[in-house]
Structure formats: C-alpha cells, structure tokens
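Novice: First to last, the protein sequences are chains Z and S. By our numbering, the letter at position 53 of the first sequence is numbered 53, and the numbering carries on one by one without gaps. Positions in the second sequence are counted from 1; adding 250 to them yields our numbering. Below you will find the structure I want to go over with you.
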Amino acid sequence: MRYAGIDIGSRTIKLAVIEDGRLVLSRKSLTSHDPLGTAQELMEGAAFDHLMATGYGRHLIKGHLDCPVISEITAFVLGARFFPVRCGAILDIGGQDTKAISLDTDGNLCKFEMNDRCAAGTGRFLEVMATVLGFTLEEFSAAALSAKSAVKINSMCTVFAESEVVSLTSQGADRNEVALGIHKSIVSRSAGLLKRVAPAGGNLFFAGGVALNECVRTLLEKEMCRPVFVPPDPQIVGAIGAALSASEEG
Amino acid sequence: MADYTQMWQDLGLDLKSHDALLSVLGKAYADIFLAQKNRPEGMKYFDFVMSEVHGLRIKELVDAKAEGRIIVGSYCVFVPEELVLAVDGVAVGLCAGAEFGFEAAETLLPRNTCSLIKSMFGFKLGRVCPYLESCNVVVGENTCDGKKKAYEILGPLVRDLYVMDMPQTKSEMGKKLLREEYRKFIAKLEKESGKTITPASLRKAIGTVNAKRKAMIRLNALRAADPAPISGLDALLISQIFFHDDPARFTDSVNKLCDELETRVKNHNGVVPKGTTRIIISGCPMAVPNWKVPLLIETSNAVIVGEESCVGERGTRWLTEVKGSTVDEMLDAIVDRYFNVDCAVFTPNPSRIGYVKEMAKKLHARGVVHYSLQFCQPYIMESGPVEKDLEKSGIPTLRLETDYSQEDAGQLKTRIEAFVERLKKK
C-alpha cells in the first residue's frame, strides 16, 4: 500500500508518499493563486492508494479531492515520529503561521500554541524583510550570521517592521546587523511560544520552511538551551505526517 | 413575518440598515441553525422566536408600554430581573453580539475595545436595535473597566441610562454595596413605573424568574447524556433567547423541549453519534448573534455540552431562595443569590474554576475551550490560571481569544480541529 499526504500551505504545497514505512516520493511547489490546480499538478503521475490532506488549504480542496483531512498540528506530531530522534517539542515556522507543540514521552500531542491571526514572526515576515534589505533568503541568513552585533527591531508586525527597517537603513545602520536583529526578533517570539507549551527540556524538532534558515537554527539553539534537530527536508514533515495518518486510517 | 415597518419607523429605526441587518441575520440563522440535522421538534418555538425577534416580540413590548408597563433594558446578569417584574415591568437583554456599526462606534471608543462594547454602540448609533429604542430605562453596571467607562459615553445617547455600582470582591462590604445598589434600583423602578413593590408582587416575580432558571437547569442537566440530545448551538440559542422572551412562555417552551429531550435520552437518540468528542465552553458571554466559535467547534467533529458563561450556566445556575415576608427580607435573598455570580471582575474568583471542573465531570466533557473576547481584560487575565488549573486536573484546555470578525476563522478552525484530535487520542 502507498499512502500519500498533501500539505497545502500558504506559500508551498508539499506531497509525500510512503510505502512500507519508507518515504518513496516527495515533491514541492509554490502555492500560487490557484492552490487546487497546483495540488493537482503536484500529484500528477504519483501513484498511491490513500490520500490525506493537511495545511491551511485542506478544506479548500474538499469536494475536489476525495480525501479526509487532519489539522497541521496532528500532522507535524505524526511527521516528527518518522525521524529517528526523540523530541520533547516541535516548532514549525511556516509561511503564515508558527506552531509550538509539546509532546509526551510517547511522542503524543500534549499542548500547542499558535501565533495569533497575523503573519508576525513567520516565514512571510522573513521574506518581506529580506526583500527590504535587498537580500535573497540565502544571503539574508548568511549576512545575519556574519554580523557581530544586532540592531534591535521593536515591531513584530510585518508592516510596521518594514517601515522600521527602512528608517534604520536610511539612518545608516549596518545592513548585516539589521538582518541579525530581524532574525533575533523571530527567534525570541518563537521561543516565547515554545516556553509556554514546553517549559521542560528535551530535543527540539524544528520544521517548516524557516528551519532551512541557518541563522534562525543557531539562535534558537542558543535561546532554548536544548539541542535542535532539523530533518533533512524540514518542509515535508507535515505531508509525511498526513501520509502516516492515512496509513493509520487505511 | 407581518409588516412591522410602521412600528420600526415609530421607534426611530434606520429602516434601510435594519433591513440589511435582518437579512444577514436570517441567512446566517438558516445556514447555522436550520441546516443542523435531527433537531428536536421543540426547537420550532425558538426558531419562531428568532424569526420574529425584531417583530412580534417588539410589538409585545410596544403593547406593554401602551398598557403603562415600563421596559427596562440591560447588558448584564447582575441586573435583577425579579425587581423589574415586581413593578410589572418588562426586562430585556440588549443587542451586543454582532459586528455592526463598528466604524461609527470607533468614533467614540478606542479601537482596542472589546467587540461586545463596540456592538452596544454600533446598534445605538446605527439605530437598528428595536429593544434599545423601546426601553424606558437602560441599566448599566460597573462590572469591567471597559463597560464602566463606556456607560459614561453611552449616557448622552440614550433616553435614560441608569448606572449601578458593582462590588469587585466577595467581602461583607461588597455584599453591602450590592444590597444598597439594589435598594436604590428599587427606588428608581418605583419612580419610573409609578408602582410600589409589595411582598406579594416581589414573591410572584421571584417565582417567575426561578421557574425560568429551573427550566434552564433541567435543560443543561439533560445534556449530560451521550449521545447529546441537543446541539450546543441550539442550547446556546435558548440561553440567548432567555434574555428577551416573555418569561412564562419561555419557561413553558423550555420545559416542553425538556420533555422531548427526556424521551430522546431514554431512546439513545442524539444529534451526534454516541462517543462524539464532548466540549465545554467557558468564558465571556456570547450575545445574539455571536455563534462564531460554537459553530467552528460543532463543525469539527465535536459537540458542546455546556456553557460556563453569563449566557449559560453562570447566569442561571443559582435560584433565589423563597423566604421572608417583607420586601426587605426578600431583597436579602435576592442579594444572596446574585452575590454568588462568579464573574471575572471579582478578585479573587475561585468558585468559577471549581465550577468548570464540576461541569466537566457531570457533563462528561473531555476538554474545555476557554473563550475570551479580545481586549476583555478580566477573562483574558483569568484564562491563564484557569488553563493551568484545568490541565493539572487532567482536563485539556484550549484558550482562544477572538472578536466578532471572521478574519481569524481559518486560524481558529485549525486550532479547534487540532484540539479535538488531541481529545480523541486521550
């Protein structure tokens, strides 16, 4: 049996297919203005017997794709179990939201917190800030890591932070130091969510597109004082979780 | 519905906005309530009440006024209905549950004001609440800081705003204050109505309101059954109608519904399959037509089996003891009753958390959704300790903070679904 999970995120759609407990296929595509079309394209030619959807777009495709749905939170809990590391908590920073999840000793969902309604401190926030500073995402992380000190960014709101950064650079602030300040602000916000749900130690499983950012990873490890594990492809975790959930149900 | 245009015009409503409001409300009601499956027959009465919520019921108020009775409106369960009925007045809860006229409201109020208060102003400034426009007296109460200051601004906008002070602690002094405020309220009611409260009229009023609350206690107890015989949405609707329907007719209709629900329970007939995840809502009141969070919960494979809220058990679970032969002695009993209400404006407020736990146990709920309106300081502040205490007692809790807008519906849905998935695994 081949089980597929599709994770329809705000920025990226991910597909994972699992057979005999092994990941046999994984694909990604930008969500675009047409999530349903992108999802269908992504699944073209992929062979599977059961499908499960997750991500913010899971209900959008109801009626179009005949499949059950699970929330992203459960999907990440299941997806994290696929990897050979025992973790006490999961942090997922995606395109438009941040989730902090605590796990019990059996790896079951304990508590979770999400950022409130807006995209403050998410992947979208990083993207906008990188653009304001004239970096690509890769350059952005490297620039922040190269800075010796950080310029403090006070606004968490993407729109306010953008004008704050513009005014800092026009005052002559160092671009790299501003970049580090932006990364620090994202990490302190995420760490706040994590400490609320999972005050105790244990490994931290870091997933979502923002886990690709090395500077965020480094700062997070320092801030949380616990080992941070990032899977080889942190964006696919939700889709893997959905596929595993399909295998539990199927 | 009959044509009430003339009546609405006479009340000074803005007919165009009012029509728009009724059409949105009617559509939402059909989508949310009428679309539910296997509803009890007894809900037909409440469907009728809602279809006539700005029609027949308003006509009754207008007729009552013509007979020389006073209409007393309020926004809080601390305003004693017994006293209003004892001067042969009509007590009505006023509209504060819709995102209507917020732009206008924000010309008078800070943006960071809770939706309930903004809605109070929106309805007034937009001239779309026929209840408010029918009132002889509107009663305010110094509960939270938001309302307390808002009444200062609302005062000049309504015919007669009467504000009562409220204690903030469950102390002897606090109780004395409440008693004194209720005594002054009696004087106000007697002056406005031209009638005097007598032991007989007060005893009768206490009986009427007790009967109404008893019917609600009966209804809420029936929800302990699995499968749940009635949806949380329908039960919430009844709690909302509690505030503006004719008390005797309402009591009768709730009791009839309960007869039907008893049969349902006996036959294991429910609105959802047996074993559906059961949830209690605790926190801020949900005034008509605020059905946002309950709808999200009940469309996420869960059923709501209780509301620890002013529009719910916090408003109905205590009866007034029938004792004493003088108005003064009966007033003591009324003060005793209302002084139990465990609103988050009190400090400390331990009985509330105790009761949420009791509800979870007796209604066999698997988890609690703590509902706070954004900018409602008392409930938001209390939500942290409440969550900690419940989780420690093995009752999973999800804290939500939201308003009347729909912008966060997707986000809330994700959190609620994940919470229900967590409860199922338990």
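Yeah, the Cβ is synthetic: ideal placement off N, Cα and C, and Gly gets one too.
Using the Cβ count rule (16 or more neighbours within 10 Å means buried), how would you classify cysteine 215 (chain Z)?
Specialist: Buried.
Novice: So histidine 620 (chain S) is in the beta strand (DSSP E); what residue range does that whole segment cover?
Specialist: 617-623 is the extent of the beta strand (DSSP E) around histidine 620 (chain S).
Novice: What in chain S is Cβ-close to asparagine 154 (chain Z), meaning under 7 Å?
Specialist: Residues of chain S passing the Cβ test: none, with the nearest at roughly 19 Å.
Novice: State buried or exposed for proline 677 (chain S), treating a residue as buried only when at least 16 other CB atoms are found within 10 Å of its CB.
Specialist: Nothing about residue 677 (chain S) can be reported from this structure: the residues present for chain S run from 251 to 676 only.
Novice: Does threonine 38 (chain Z) come out as helix, strand or coil in the three-state DSSP assignment?
Specialist: It is helical.
Novice: What number of angstroms, rounded off, separates the C-alpha of phenylalanine 83 (chain Z) from the C-alpha of glycine 107 (chain Z)?
Specialist: The straight-line gap from Cα to Cα measures roughly 12 Å.
Novice: DSSP state of tyrosine 432 (chain S), grouped into three classes?
Specialist: Correct three-state label for tyrosine 432 (chain S): helix.
Novice: Leaving out five residues before and five after isoleucine 18 (chain Z) in sequence, what residues of the same chain have Cβ atoms less than 6 Å from its Cβ?
Specialist: These residues qualify, in order along the chain: Tyr3 and Ala243.
Novice: Would you identify the three-state DSSP class for methionine 414 (chain S), choosing helix, strand or coil?
Specialist: Looking at methionine 414 (chain S) - three-state DSSP - the assignment turns out to be strand.
Novice: Taking only the alpha-carbon atoms, compute the straight-line gap between alanine 668 (chain S) and valine 618 (chain S) and give it to the nearest angstrom.
Specialist: One C-alpha to the other measures close to 13 Å.
Novice: Counting Cβ pairs, one atom from each stretch, are 3 or more of them under 8 Å apart for the segment 68-79 of chain Z and the segment 28-42 of chain Z?
Specialist: The segment 68-79 of chain Z vs the segment 28-42 of chain Z: no contact.
Novice: Return the CA-CA distance between alanine 455 (chain S) and glycine 339 (chain S), expressed in angstroms with no decimal places.
Specialist: Whole-angstrom Cα-Cα distance: 10 Å.
Novice: Can you tell me which of the three DSSP states phenylalanine 229 (chain Z) falls into?
Specialist: Phenylalanine 229 (chain Z): strand per DSSP, three-state reduction.
Novice: Which residues, in chain order, does the segment 514-525 of chain S contribute to contact with chain Z at a C-beta distance below 9 Å?
Specialist: The residues in question: there are none.
Novice: Which residues does DSSP list as the beta-bridge partners of methionine 114 (chain Z)?
Specialist: Z:Lys99.
Novice: For alanine 668 (chain S) and chain Z, any beta-carbon pair shorter than 7 Å?
Specialist: Answer yes: the Cβ-Cβ gap between alanine 668 (chain S) and chain Z drops below 7 Å somewhere.
Novice: Mind listing the chain S neighbours of threonine 74 (chain Z)? Cutoff is C-beta to C-beta under 9 Å, in chain order.
Specialist: The answer, in chain order, is Glu667, Ala668, Glu671, Arg672 and Lys675.
Novice: How is alanine 583 (chain S) classed by DSSP in three states: helix, strand or coil?
Specialist: Alanine 583 (chain S) falls in the helix class under three-state DSSP.
Novice: Quickly, what does DSSP pair tyrosine 3 (chain Z) with across the bridge? List them, please.
Specialist: Z:Ile18 and Z:His50.
Novice: Pick from S:Asp496, S:Phe625, S:Asn392 and S:Pro646: whose alpha carbon is nearest that of valine 299 (chain S)?
Specialist: Per the Cα distances, S:Asp496.
Novice: Within its chain, find whatever has a CB closer than 6 Å to the CB of alanine 211 (chain Z); leave out the 5 residues flanking it on each side and keep chain order.
Specialist: For alanine 211 (chain Z), where only same-chain residues beyond five positions count, the Cβ hits under 6 Å are Val230 and Pro234.
Novice: Which residue from S:Glu430, S:Val334, S:Val303 and S:Gly405 puts its Cα closest to that of cysteine 379 (chain S)?
Specialist: Residue S:Val303 is the option with its Cα nearest to cysteine 379 (chain S).
Novice: List the residues of chain S that methionine 1 (chain Z) touches, going by C-beta distances under 8 Å, in chain order.
Specialist: Going along chain S, no residue has its Cβ under 8 Å from methionine 1 (chain Z), so there is no contact; the nearest lies around 23 Å.
Novice: Would you check if the distance between the CB atom of glycine 123 (chain Z) and the CB atom of glycine 94 (chain Z) is smaller than 7 Å?
Specialist: Contact: yes.
Novice: Buried or exposed: which applies to glutamine 661 (chain S), given that a residue is buried once 16 or more other Cβ atoms fall within 10 Å of its Cβ?
Specialist: By the 10 Å Cβ count, glutamine 661 (chain S) comes out buried.
Novice: Enumerate in chain order the residues of its own chain whose CB-to-CB distance from serine 532 (chain S) is below 6 Å, with the five nearest sequence positions on each side excluded.
Specialist: Around serine 532 (chain S): Glu558, Val606, Val618 and His620.
Novice: Distance check for leucine 133 (chain Z) and arginine 175 (chain Z), CA to CA, integer angstroms please.
Specialist: Those two C-alpha atoms are separated by around 7 Å.
Novice: For glycine 520 (chain S), which residues of its own chain have a beta-carbon under 6 Å away from its beta-carbon, when the five flanking residues on both sides are left out?
Specialist: These residues qualify, in order along the chain: Pro477, Ala478 and Pro479.
Novice: If the criterion is Cβ atoms closer than 7 Å, does the pair glycine 343 (chain S) and phenylalanine 493 (chain S) meet it?
Specialist: Result yes, Cβ atoms of glycine 343 (chain S) and phenylalanine 493 (chain S) sit closer than 7 Å.
Novice: With three or more beta-carbon pairs closer than 8 Å as the criterion, would you say the segment 94-104 of chain Z touches the segment 198-212 of chain Z?
Specialist: Touching, yes, given that three or more Cβ pairs across the two stretches are closer than 8 Å.
Novice: So for alanine 89 (chain Z), helix, strand or coil by DSSP?
Specialist: DSSP places alanine 89 (chain Z) in strand when its eight states are reduced to three.
Novice: Can you tell me whether threonine 527 (chain S) is helix, strand or coil according to DSSP?
Specialist: Strand at threonine 527 (chain S).
Novice: Would you report the Cα separation of glycine 574 (chain S) and aspartate 582 (chain S), rounded to the nearest angstrom?
Specialist: Distance between the alpha carbons of glycine 574 (chain S) and aspartate 582 (chain S) is about 9 Å.
Novice: Buried or exposed, going by whether 16 or more other CB atoms sit within 10 Å of the CB of glutamate 113 (chain Z)?
Specialist: Counting Cβ neighbours within 10 Å, glutamate 113 (chain Z) comes out buried, since at least 16 surround it.
Novice: Beta carbon of leucine 673 (chain S), beta carbon of valine 577 (chain S): below 7 Å?
Specialist: Not in contact: leucine 673 (chain S) and valine 577 (chain S) (Cβ atoms no closer than 7 Å).
Novice: What does isoleucine 70 (chain Z) reach in chain S if we use C-beta pairs closer than 7 Å?
Specialist: Those within 7 Å of isoleucine 70 (chain Z) in chain S are Glu671.
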